[in-house]
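So for the sequence shown, our numbering puts the first residue at 861; every next one is plus one.
Ideal placement from N, C-alpha and C gives every residue a C-beta, glycine not left out.
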Amino acid sequence: MHSSEIAKTRFEATKFREGYAMADVDALMEKARTTLQNWEAGRAGELTAKAVVDARISSTKFREGYVQDQVDDFLDLLAATLNSYETGQRP
């Protein structure tokens, strides 16, 4: 995953079933983009793979939120990418 991919990532919205709070996800996405930009420039990033795995995102119900499965899949890929950087590998 490259930092430029994060800006292109879009999640479907859900309103009538449980989703993730959009503001929480958007904030995490911005932190992820900045972190990957740092790693790509040869500097350690602020966000760690463990922090992504441990992240708790608020849930929504009967108001708009992001589809949880899509966000979870993205976060799995992000954590794997960060883990690669943290262990000295290129993703």
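Under the three-state reduction of DSSP, which class applies to residue i: helix, strand or coil?
i, result
"S919", "strand"
"A904", "coil"
"T874", "strand"
With 16 as the cutoff for other CB atoms within 10 Å, does residue i come out buried or exposed?
i, result
"V913", "exposed"
"T947", "exposed"
"F871", "buried"
"F934", "buried"
"A939", "buried"
"G925", "buried"
Please name the residue in the options whose C-alpha comes closest to that of residue i.
i, options, result
"I917", "W899, R923, T894, V885", "V885"
"Q930", "F922, G879, G905", "G879"
"D932", "L888, S863, F876, S864", "L888"
Quick one: what's got a C-beta closer than 8 Å to residue i's C-beta in the same chain, skipping five residues either side?
i, result
"E906", "K891, T894, T895, N898"
Please work out which residues of its chain come closer than 7 Å, Cβ to Cβ, to residue i, disregarding the five sequence neighbours upstream and downstream, and give them in chain order.
i, result
"L937", "M861"
Suppose the cutoff is 6 Å on Cβ atoms and the five residues either side in sequence are ignored; what does the same chain contact list for residue i look like?
i, result
"S944", "P951"
Per DSSP, which one or two residues make a beta bridge with residue i?
i, result
"Y926", "A873, Y880"
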